[in-house]
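Student: Using full-length UniProt numbering, the letters of the sequence shown map in sequence onto residues 1 to 401.
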Amino acid sequence: MDTFAPNDNISSNTKGRDENVQNDASPDKLISSRVTFTILTTLNITSHLLDSTYTTYTMSTTTHNPTTTTVSSATATCTTAVPGKYGRVPADACNSNYFFDPSFAANLAFCVLFGLATLVHLIQAILFKKATIMGAAWETIGFAFKTIGSHDQQNTTYVLLGQLFFLLAPLWINAFVYMAVARMVYFRMPDQKLLGIKAIRMTLLFVWLDIVLFIVQGAGGSMLSNTEDMKIVRLGMKIYMAGVGLQLGVILIFISITAFFYHKLRQLEGRSMGRMKWLIWTMLLVLVLIVIRIVYRLIEFGPGVNDHNTLLIHEEYPLGLDATPILIALVLLNVMHPGFVLRGPDSEFPKLSRKEKKALKEQKKQDKNRAKEAKKARKAGAQELKNLSVGEQSNSSREMV
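#1: To which residues of the same chain is Gly381 closer than 8 angstroms at the C-beta, ignoring the five residues directly before and after it?
#2: DSSP three-state label for Cys78, please.
#3: Does DSSP classify Ser232 as helix, strand or coil?
#4: Let's test the definition: count the other Cβ atoms within 10 Å of the Cβ of Asn309 and tell me whether it reaches 16, buried, or not, exposed.
#5: According to DSSP, what are the bridge partners of Ile197?
#6: Using the Cβ count rule (16 or more neighbours within 10 Å means buried), how would you classify Ile253?
#7: Span of the alpha helix (DSSP H) holding Ser150?
#8: Just checking my contact of His337 with Gln124 at CB under 8 angstroms: how many whole Å lie between their CB atoms?
#9: How many angstroms separate the CA atom of Met273 from the CA atom of Leu312?
#10: Since Leu108 and Thr140 should fall inside the 8 angstroms C-beta cutoff, what is the C-beta to C-beta distance between them, to a whole number of angstroms?
#11: Can the beta-carbon of Ile255 be found less than 8 angstroms from the beta-carbon of Leu287?
#12: Classify Glu384: buried if its beta carbon has 16 or more other beta carbons within 10 angstroms, exposed otherwise.
#13: Tell me the residue span of the alpha helix (DSSP H) that contains Val295.
#14: Just to confirm, are Phe145 and Leu161 a CB contact at a threshold of 8 angstroms?
#15: Suppose you measure from the CA of Lys129 to the CA of Leu122; what does that come to, to the nearest Å?
#16: Verify whether the separation of the beta carbon atoms of Val244 and Ile294 is less than 8 angstroms.
#17: So, do the stretch 274-284 and the stretch 191-207 have three or more beta carbon pairs nearer to each other than 8 angstroms?
#18: Pick helix, strand or coil for Gly84, following the three-state DSSP scheme.
#19: So, with DSSP's three-state summary, where would you put Asp92?
#20: Between Ala106 and the rest of its own chain, which residues show a CB-CB distance below 8 angstroms, the 5 nearest in sequence each way excluded?
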C-alpha cells in the first residue's frame, strides 16, 4: 500500500531507565499504514493523529550527532535522518512518511488524467442530469495532495489527505454502479423487479451494505492506531481485512445479479436491447475493475508488513493495481454514460415534489392518529364487554340464591 511510515512510534520503558523510547519495528509500520482509515469514520481524526505524532516525537529520547539522530530502543533501533531535497529521507528512517520515494511525475500524470475524466463527467452531468463526478473528483483531489506531498515529504497533512481521498473515492463508484443497475431494472423490467426484489429496494440494500462495510473497515482502522496494545492492533487488522473481504463478496453477488439481469432482459427483448446491452456490459466491466483493486488491497500484506514487502516498497503497485483500474472504470463510464440509455419515462426513480412530500407526511400522521383512536376504541369496547360479563355473572348468582 502506498502509505506513510510511522512518525508516531511505540513508546516503552527500558530496564533501569525511566525514559520514553521510539520503536521502528514492523508493527509500527502496520499501525501507520492503516491510520488513514480512522479518518474515514471521524472528521476530527486528522488533527488527533497530528497531535499524537508531535507529542510522541517530542517525548522521545535522542542522541544527536552532526548528521543523524539515533533513537534508543529496547527491541529495535531507527535513525531520524536529516531531510534532503523535497524532505526526502530513507524509508527506514524514523521520520519517513513513505515506504518509497513518491514520484512527482507519476502522481501529477494521474492527477491530470483523473481531472480530465472529472471534467467530462461534469459536462455529462449537466447534459444528462445524471451526476457521476464524485468518484473522479475525489481521485483528482487525492492525487493533487500526493503530487504536492512528493515535493514536501515531511508534511504529514499531505500524506493523510492524499490517502484519505485515494482510498475513499472508489466507494462513490461502487454506490453509483449499484444505483445505475437498479435504475436499469426499473426502466426495462415489466414489473420493475429482479429476483423478486423491487428496483428501489435493491438500491437501498446494496448502498447500505456498502456503507456498513465501510464503517467496519473504518472501525478496524481506528484500532490500528493504538500504540500501546498489540492485541488491539492485531484485532483491528482482522476487522479491517474482514470488512474488505465482505465488500468483495457483496460486489461478486452484485455481478451475478447484473449478469442475470442481462440474461433476463435478453430473453424479453432479444436483439432489440440496443444500447442497453452495452451499458450492462460496461457496468460488469467496471465491477470487475473494482474487484481487481479490492483483491490487491487484500493481498498487499501477504508477504508481511516490512521493508522487504515488494507491494509496499514500490509505488508502481498501488498506481498500477488501484489507481489504473479505477481510472479505466471512470473512462468507461465516460464512453458509455448511463445518460445515453436512461432517458424518458421510468428512467429515474419516482421523485416527490415538496408539496407531495408534505401531503404524504400529513397523510401518515392522520393514519397514525386514526390507528391510535381505533386502538383506544377497541380497548374501551373490550373493557365494556368485560364489565357487562361480570354484571351478568353477578345477576345469575343472585337468581340462583
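From the three backbone atoms N, C-alpha and C, an ideal C-beta is built for every residue, glycine too.
Tutor: In terms of the structure at hand:
#1: none
#2: strand
#3: This sequence places Ile at residue 232; Ser is not what is there. In this structure, Ile232 counts as helix in the three-state DSSP scheme.
#4: buried
#5: Leu194
#6: exposed
#7: Met134 to Ser150
#8: 5 angstroms
#9: 45 angstroms
#10: Incorrect: roughly 11 angstroms between the Cβ atoms, too far for contact.
#11: yes
#12: exposed
#13: Arg275 to Ile299
#14: yes
#15: 10 angstroms
#16: yes
#17: no
#18: coil
#19: coil
#20: Glu315 and Leu319
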